[in-house]
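Residue numbers (this note's numbering): 26 to 235.
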């Protein structure tokens with residue numbers, strides 16, 4: 026039986042946190058909201074990237090987990106074992122690819138390319154992939170993570186998506202938007218509890234030795 030998608034979700038606005046994208050380098054940098062998601066580490070193993078938990082894949086995993094946690098898609102979300110061009114299945118086995126566009130930070134000498142970003146989204150929407158549960162081919166959906174782009178760049182991207190899909194705008198119903206929830210304090214700025222513990226132990230030993 027063909028499993029249909031839910032109605033697509035749209036965020037109220039892009040999060041505009043492009044300056045914080047580089048904070049997510051390892052799983053230790055991931056907010057607990059996502060680290061505690063069942064099977065999160067499995068979501069960070071992408072066969073298209075030799076199953077390495079590289080920053081790009083970690084951010085994709087965060088977006089996929091957020092899609093379930095926020096109700097954008099039916100959970101649980103799972104990573105495919107061997108697909109080179111989708112990033113996760115939703116709870117109905119529907120195939121999704123994740124796109125995480127990036128806006129330039131203040132001082133960067135490059136501009137957001139709305140046309141090219143729209144092309145990467147639409148190229149995925151043009152593909153089919155077997156449903157994980159039924160084995161039937163289904164058109165791929167895209168989870169668009171707008172955490173790291175500005176409001177203006179999101180508007181420009183959607184303008185291009187509308188423009189480039191004017192022959193069949195129904196494909197845009199397979200775009201689901203999310204913003205991930207980043208911790209208020211970046212992981213690298215949090216107190217180093219191991220170090221604090223070591224310092225405390227040394228102090229106790231010193232005091233006991235007196």
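Backbone N, C-alpha and C fix where the C-beta goes; we use that ideal spot for every residue, glycine too. All values reported here derive from a predicted model rather than from experimental measurement.
N- and C-terminal bounds of the beta strand (DSSP E) containing residue i
{"i": "residue 83", "result": "That residue, residue 83, is in no beta strand (DSSP E); its alpha helix (DSSP H) goes 80–94."}
Three-state secondary structure assigned by DSSP to residue i
{"i": "residue 203", "result": "strand"}
Start-to-end residues for the alpha helix (DSSP H) that takes in residue i
{"i": "residue 59", "result": "57–60"}
{"i": "residue 66", "result": "65–68"}
Close Cβ partners of residue i (< 6 angstroms) along its chain, the five nearest in sequence each way excluded
{"i": "residue 157", "result": "114 and 118"}
{"i": "residue 137", "result": "128 and 178"}
{"i": "residue 149", "result": "122, 165 and 167"}
{"i": "residue 154", "result": "111, 120 and 165"}
{"i": "residue 124", "result": "146, 167 and 169"}
{"i": "residue 116", "result": "99, 100 and 101"}
Cut-off 7 angstroms between Cβ atoms - residues of its own chain near residue i, not counting five sequence neighbours on either side
{"i": "residue 55", "result": "49, 83 and 87"}
{"i": "residue 95", "result": "203"}
{"i": "residue 30", "result": "119, 166 and 199"}
{"i": "residue 69", "result": "52, 78, 82, 83 and 86"}
Nearest-angstrom Cβ-Cβ length linking residue i and residue j, presumed shorter than 8 angstroms
{"i": "residue 171", "j": "residue 40", "result": "6 angstroms"}
{"i": "residue 91", "j": "residue 205", "result": "5 angstroms"}
{"i": "residue 140", "j": "residue 185", "result": "5 angstroms"}
{"i": "residue 100", "j": "residue 106", "result": "That pair is no contact at about 18 angstroms."}
{"i": "residue 189", "j": "residue 130", "result": "Not quite, the Cβ-Cβ distance comes to about 27 angstroms (not below 8 angstroms), so this is no contact."}
Cβ-based neighbour list, residue i, same chain, cut-off 8 angstroms, excluding 5 preceding and 5 following
{"i": "residue 37", "result": "none"}
{"i": "residue 142", "result": "124, 126, 182 and 185"}
{"i": "residue 209", "result": "none"}
### Message
List, from N- to C-terminal side, the alpha helix (DSSP H) runs of 4 residues or more that fit wholly inside the stretch 122–188.
### Response
139–150
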